[in-house]
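This report concerns only the one structure given below.
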Amino acid sequence: MRIGQSNPRRRKPILLIVLVAISLVMLTMYFRESDAGLLHTARRVTLEVTSPIARLGTIITSPVRAVGDYFEGIGASRERVLALEQQNEELRARLAELEEARQENERLRALVDFAEERKFAKLGAKVIRRPVSIWEGVIVIDRGSDDDVEPGMPVIAAQGLVGQVADVSSNSATVRLISDQQSGVSVIVQSTRTPGVVRGSLDGSLSLDFVDRAYLPVEGDVVITSGLGGVYPSGIVVGDVISVDDRHGELYPRIKVASRVPVDSIEEVFVLVGAVVDADPGEIE
Amino acid sequence: MTRWWTTAGALLGALVLQVMIAPHIAVFGISPNLLLLVVITLAFVEGPSEGATAGFVAGLLLDLLSTGPIGAWALVMSVTGYLSGSLKENLFAEGWLAPVTVGIVAALTADLVYLLVVSVLGVGPAFGSAIVRLVLPRAVYNAVLVMLVYPWLARFLRTDRSMKSFRRLA
Numbered sequence: 332m333r334i335g336q337s338n339p340r341r342r343k344p345i346l347l348i349v350l351v352a353i354s355l356v357m358l359t360m361y362f363r364e365s366d367a368g369l370l371h372t373a374r375r376v377t378l379e380v381t382s383p384i385a386r387l388g389t390i391i392t393s394p395v396r397a398v399g400d401y402f403e404g405i406g407a408s409r410e411r412v413l414a415l416e417q418q419n420e421e422l423r424a425r426l427a428e429l430e431e432a433r434q435e436n437e438r439l440r441a442l443v444d445f446a447e448e449r450k451f452a453k454l455g456a457k458v459i460r461r462p463v464s465i466w467e468g469v470i471v472i473d474r475g476s477d478d479d480v481e482p483g484m485p486v487i488a489a490q491g492l493v494g495q496v497a498d499v500s501s502n503s504a505t506v507r508l509i510s511d512q513q514s515g516v517s518v519i520v521q522s523t524r525t526p527g528v529v530r531g532s533l534d535g536s537l538s539l540d541f542v543d544r545a546y547l548p549v550e551g552d553v554v555i556t557s558g559l560g561g562v563y564p565s566g567i568v569v570g571d572v573i574s575v576d577d578r579h580g581e582l583y584p585r586i587k588v589a590s591r592v593p594v595d596s597i598e599e600v601f602v603l604v605g606a607v608v609d610a611d612p613g614e615i616e
Numbered sequence: 002m003t004r005w006w007t008t009a010g011a012l013l014g015a016l017v018l019q020v021m022i023a024p025h026i027a028v029f030g031i032s033p034n035l036l037l038l039v040v041i042t043l044a045f046v047e048g049p050s051e052g053a054t055a056g057f058v059a060g061l062l063l064d065l066l067s068t069g070p071i072g073a074w075a076l077v078m079s080v081t082g083y084l085s086g087s088l089k090e091n092l093f094a095e096g097w098l099a100p101v102t103v104g105i106v107a108a109l110t111a112d113l114v115y116l117l118v119v120s121v122l123g124v125g126p127a128f129g130s131a132i133v134r135l136v137l138p139r140a141v142y143n144a145v146l147v148m149l150v151y152p153w154l155a156r157f158l159r160t161d162r163s164m165k166s167f168r169r170l171a
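Protein chains in written order, with the numbering used here: chain B, 332 to 616; chain Y, 2 to 171.
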């Protein structure tokens with residue numbers, strides 16, 4: 332340790348005051364302006380400019396991720412392989428049953444002339460950027476307004492719901508994940524049809540709120556979108572119930588849900604770009 | 002004295018790395034703030050005014066990259082840059098202890114002030130859990146990175162005299 336300067340320089344923080352004032356003006360502008368305002372436009376331009384850099388980063392780091400995945404796969408034990416094989420057999424049997432139910436459902440729908448559920452065109456997209464800040468749960472995909480992507484469109488993956496398009500530039504779009512703290516999805520528990528809301532959190536975990544304690548789900552129950560609110564179509568898998576804590580004295584039980592989508596490693600997603608009437612097989616959900 | 006283009010180059014490099022690399026080196030979901038490292042180093046090397054200016058520019062870039070309110074990071078990193086520079090000038094420490102102390106305090110300040118700002122604006126998360134889950138882990142992560150990159154970054158930013166040791170840098 333040493334004795335510091337006997338008379339440390341005293342500066343007038345005029346510059347700091349000016350910078351803070353400019354920041355506050357920008358904050359005010361941000362909340363007052365429309366989506367077409369200066370700051371919102373600047374953000375879209377930044378998204379556009381940084382998209383190629385983010386894409387490059389994904390390409391550069393992909394070999395490292397691939398090596399990691401390879402070694403992770405090597406570590407799978409014989410017991411795990413056997414368990415997965417058994418699960419595969421069970422799922423194949425279940426698939427056959429479900430196919431039978433689907434065909435029966437179609438026949439019955441035709442008999443009673445039930446309104447056809449909306450079908451959506453799926454637009455494939457690559458994830459080119461992951462969250463740059465820990466304060467937000469968003470990813471960036473390589474599809475934008477040039478591909479008819481619009482804010483509010485649902486984004487899914489093979490495993491289930493990913494999130495919703497939040498902002499769009501010409502060649503890229505920001506997707507707010509369902510695990511983001513500002514996200515909320517209207518859902519039902521598939522087995523009991525109990526409604527609730529799945530909400531994200533800071534650490535990316537999901538909670539199922541506002542569930543009637545008279546219809547408590549159990550661990551393993553599947554949670555799907557309800558279609559209420561009109562944001563997400565009904566029937567998309569949101570996740571599985573992993574814990575139910577029915578504490579006395581609380582209005583609603585604490586229910587945790589685990590998404591099936593590996594958000595940290597997901598590389599491809601689908602944007603539901605709108606209802607379609609006729610389309611080629613494979614494009615329709 | 003740091004040449005302006007050296008500072009601009011460091012900030013631009015940090016911006017590119019923040020977009021390209023930072024999301025992929027997240028530890029337990031916590032990614033580092035690489036722009037903050039440049040701001041802290043610059044403030045430490047050059048002083049509070051330069052730190053505040055660099056902080057403002059870096060913060061604005063981070064605001065434009067993220068989805069939060071624009072101006073929040075600019076405000077936070079201006080304050081952090083100024084604080085880092087002021088702390089260094091008034092710190093009774095030398096050698097490795099000085100940059101480490103400034104790094105830890107600045108890293109902690111940045112996310113803590115950001116949490117305060119977004120909470121005041123009504124778009125922030127639950128305060129207590131944010132401190133435990135985000136602010137403290139990221140402060141540790143950023144502080145460790147400051148220790149790792151400071152000697153090299155300071156040497157790059159301060160080109161007017163040769164620096165051959167960590168002790169001299171501090």
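Glycine residues also receive a C-beta, built at the ideal position from the N, C-alpha and C atoms.
Bridge partners for residue i per DSSP, in chain order?
i, result
"Glu599 of chain B", "B:Lys457"
"Pro485 of chain B", "B:Gln495"
"Pro526 of chain B", "B:Ile519"
"Ala504 of chain B", "B:Ile472, B:Val499"
"Ser574 of chain B", "B:Lys587"
"Leu539 of chain B", "B:Val529, B:Ile586"
"Val568 of chain B", "B:Ile555"
To which residues of the same chain is residue i closer than 8 angstroms at the C-beta, ignoring the five residues directly before and after it?
i, result
"Val569 of chain B", "Gly491, Leu492, Ile509, Val516, Val518, Val529, Leu537, Val554, Ile555, Thr556, Val588, Ser590"
"Leu37 of chain Y", "Ala59, Met78, Thr81, Ala107, Ala108, Ala111, Asn143"
"Val532 of chain B", "Note that residue 532 of chain B corresponds to Ser in the displayed sequence, not to Val. Excluding residues within five positions, the ones whose Cβ falls inside 8 angstroms are Ser510, Gln512, Ser538."
"Ser500 of chain B", "Arg375, Val376, Leu378, Glu379, Ser382, Gly475, Ser476"
"Val549 of chain B", "Val572, Val575"
Consult DSSP for residue i and reduce its assignment to one of helix, strand or coil.
i, result
"Phe29 of chain Y", "coil"
"Val119 of chain Y", "helix"
"Leu65 of chain Y", "helix"
"Leu13 of chain Y", "helix"
"Ala589 of chain B", "strand"
"Ile384 of chain B", "helix"
"Val463 of chain B", "coil"
"Val604 of chain B", "strand"
"Tyr563 of chain B", "coil"
"Arg134 of chain Y", "helix"
"Gln417 of chain B", "helix"
"Leu547 of chain B", "coil"
"Met21 of chain Y", "helix"
"Val150 of chain Y", "helix"
"Trp97 of chain Y", "coil"
"Asp112 of chain Y", "helix"
"Arg396 of chain B", "helix"
"Gln434 of chain B", "helix"
"Asn91 of chain Y", "coil"
"Ile71 of chain Y", "coil"
"Arg423 of chain B", "helix"
"Val594 of chain B", "coil"
"Gly125 of chain Y", "coil"
"Ala171 of chain Y", "Note that Ala171 of chain Y scores 46 on pLDDT, short of 50, meaning its location in the model is unreliable; the coordinates nonetheless yield the value given after this. DSSP places Ala171 of chain Y in coil when its eight states are reduced to three."
"Asp477 of chain B", "helix"
"Ser79 of chain Y", "helix"
"Asn143 of chain Y", "helix"
"Ile509 of chain B", "coil"
By Cβ distance, which residues of its chain are closer than 6 angstroms to residue i, with the 5 residues on each side in sequence left out?
i, result
"Asp498 of chain B", "Thr505"
"Trp74 of chain Y", "Gly60, Leu63, Asp64"
"Val133 of chain Y", "none"
"Val46 of chain Y", "Ala155, Leu158, Arg159"
"Arg460 of chain B", "Ala385, Val471"
"Phe57 of chain Y", "Ala75, Ser79"
"Arg139 of chain Y", "Ile31, Asp112"
"Tyr546 of chain B", "Thr523, Thr525"
Suppose the cutoff is 7 angstroms on Cβ atoms and the five residues either side in sequence are ignored; what does the same chain contact list for residue i look like?
i, result
"Asp576 of chain B", "Pro584, Arg585"
"Val106 of chain Y", "Leu88"
"Pro482 of chain B", "Val496, Ala497, Asp498, Val499"
"Glu364 of chain B", "Leu370, His371"
"Val150 of chain Y", "Leu38"
"Val118 of chain Y", "Ala73, Leu76, Val77"
My understanding is that residue i touches residue j, with C-beta atoms under 8 angstroms, so please give their C-beta distance in whole angstroms.
i, j, result
"Val471 of chain B", "Val600 of chain B", "About 11 angstroms; that fails the 8 angstroms criterion."
"Leu66 of chain Y", "Val463 of chain B", "5 angstroms"
"Gly104 of chain Y", "Val39 of chain Y", "Rounded, the Cβ-Cβ distance is 12 angstroms, inconsistent with contact."
"Met357 of chain B", "Ile71 of chain Y", "6 angstroms"
- prompt: Between the stretch 126-134 of chain Y and the stretch 150-157 of chain Y, are three or more C-beta pairs nearer than 8 angstroms?
  reply: The answer is no - the stretch 150-157 of chain Y does not touch the stretch 126-134 of chain Y, with fewer than three Cβ pairs under 8 angstroms.
Stretch-stretch touch, CB-based, cutoff 8 angstroms, three pairs: the stretch 533-550 of chain B with the stretch 18-27 of chain Y: With fewer than three CB-CB distances shorter than 8 angstroms, the stretch 533-550 of chain B does not count as touching the stretch 18-27 of chain Y.
- request: Count the C-beta pairs between the stretch 74-89 of chain Y and the stretch 345-356 of chain B that are closer than 8 angstroms, then say yes if the count reaches three, no if not.
  value: Contact holds: three or more Cβ-Cβ distances are below 8 angstroms.
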